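To start, the structure itself, in structure tokens.
Numbering (the UniProt record's numbering), first residue to last: 1 to 362.
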């Protein structure tokens, strides 16, 4: 009979040696004996994750963006009003400075008239001039610094966003959708810029970020038909607001402007009062050209509200004062960055202080 297999006993350590005891986890490693002939280079602990940069307050970003306008104005004020009595030549020099800063003739005359009241023949400090400048700019802007009103008696409230190339229409739409959805409203986005694949994809990303449905078609599709379908879809899904993107177009391209008119006509077949809000995005760095854009887009598309973008760049913000004085259109928001929260309600007092280089009081 074969003998059964018997497990061999565990090998024992050689006589005189003891098996090392296990080292508890977390025990510091002892330094090696110098005579052992080796040394250890321990792995450096991982660097902690850097803390996120603190968010710069929006008013600070506004001041930085308007620094170009402010620096030019305050520098000229210092040069004109240093040890010089207020006379016709001084006022004319200052009026020229204000017009060159894009503030417009109407506002420039109001400022110089206010400045001359009771001060003729006397010296006036640069600080006093800047204070008067800020007050008059605020007066010009205050009537147009209004909140965007959404009339939900007829849902969806249709917002058509128009503007020339590169003014930030699609980004503005995404930021606005974020504001509205956070406020508890249901939003549908319509990718009406059918010329640029990047614009469609960008709007889809904003749709995901804001949990908003996006209506889109192939590149080259008819934008007016898409707007029509977007309206129907917004009705079907119970949206409170429909925001329609459009292709960037130069105001002197008649065929593209005709397409914009067609979008408005087609929407009015579904809802006679649509679009209820037509927002024009204006690039704050363009200066006087913005005035022409407002004129033409208002005539073609019925623009009834403005958003000024790129105020975190080298903005020429004075033009907004001239636009407010001439057109009296509401300025709903200003863009001060690329982040989802970088669309701020327009505040006349803050804007005026940033241009004039003064401080604001609470």
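Cβ atoms here follow ideal geometry from the backbone N, Cα and C, with glycine treated the same way. As the structure is a prediction and not an experimental result, all values here were calculated from the model.
- Annotation for residue 220: 194 place their beta carbon closer than 7 Å to its own, counting only its chain and skipping 5 residues before and after.
- At a cut-off of 4 residues, the continuous stretches assigned as alpha helix (DSSP H) that sit fully inside the stretch 209–292 are 223–236, 254–270.
- Around the C-beta of residue 197, fewer than 16 other C-beta atoms lie within 10 Å, and the residue is accordingly described as exposed.
- Between residue 262 and residue 224, the gap from beta carbon to beta carbon is short of 8 Å.
- Between the alpha carbons of residue 353 and residue 294 lies a distance of about 24 Å.
- Setting aside the 5 residues that flank it on each side, residue 214 is surrounded in the same chain by 189, 191, 203, 204, 207, each with a C-beta closer than 7 Å to its C-beta; the list follows chain order.
- Counting the other CB atoms within 10 Å of its CB gives residue 245 a total of 16 or more, which places it among the buried residues.
- Residue 177 and residue 78 have their C-alpha atoms some 44 Å from each other.
- Per the DSSP secondary-structure output, residue 335 pairs in a beta bridge with 343.
- Exclusion of the five residues before and after residue 99 leaves 105, 108 as the residues of its chain whose Cβ lies within less than 7 Å of its Cβ.
- As the crow flies, the alpha-carbon of residue 142 is around 34 Å from that of residue 234.
- Judged by DSSP in its simplified three-state form, residue 300 adopts helix.
- The C-beta distance from residue 273 to residue 186 rounds to 20 Å, too long to fall under 8 Å, and the pair is not in contact.
- Collapsing the DSSP output to three states places residue 164 in coil.
- In this structure, the beta-carbon distance from residue 136 to residue 114 falls below 8 Å.
- For residue 318, the uninterrupted alpha helix (DSSP H) segment begins and ends at 318–327.
- Between residue 301 and residue 144, the beta carbon gap of about 19 Å keeps them out of contact (Cβ cut-off 8 Å).
- Straight-line spacing of the CA atoms in residue 359 and residue 127 works out to 11 Å.
- Residue 212 and residue 170 do not touch by the CB rule: their CB atoms are close to 13 Å apart, not below 8 Å.
- Following the DSSP letters along the chain, one finds residue 305 in no alpha helix (DSSP H) but inside the beta strand (DSSP E) bounded by residues 305–309.
- Residue 107 carries a helical assignment under DSSP once its states are collapsed to helix, strand and coil.
- In this chain, the beta strand (DSSP E) harbouring residue 188 covers 187–190.
- Looking at the DSSP output, residue 158 bridges to 242.
- It is roughly 7 Å from the alpha-carbon of residue 125 to the alpha-carbon of residue 81.
- Secondary structure of residue 85 (DSSP, three-state): strand.
- By DSSP's assignment, residue 123 forms a beta bridge with 85.
- Judged by DSSP secondary structure, residue 171 falls within the alpha helix (DSSP H) whose first and last residues are 169–182.
- Secondary structure at residue 143: helix, using DSSP grouped into helix, strand and coil.
- Taking a C-beta distance under 8 Å as the contact criterion, residue 228 and residue 270 qualify as a contact pair.
- Exclusion of the five residues before and after residue 344 leaves 58, 333, 334, 336 as the residues of its chain whose Cβ lies within less than 7 Å of its Cβ.
- Between residue 209 and residue 340, the C-beta gap is smaller than 8 Å, which places the two residues in contact.
- In this structure, 291 is the residue among 291, 310, 311 with its C-alpha nearest to the C-alpha of residue 303.
- In this structure, residue 267 lies away from residue 305, with their beta-carbon atoms at least 8 Å apart.
- DSSP, reduced to helix, strand and coil, places residue 350 within a helical segment of the structure shown.
- With 16 or more other Cβ atoms from the protein chains shown falling within 10 Å of its own Cβ, residue 175 counts as buried.
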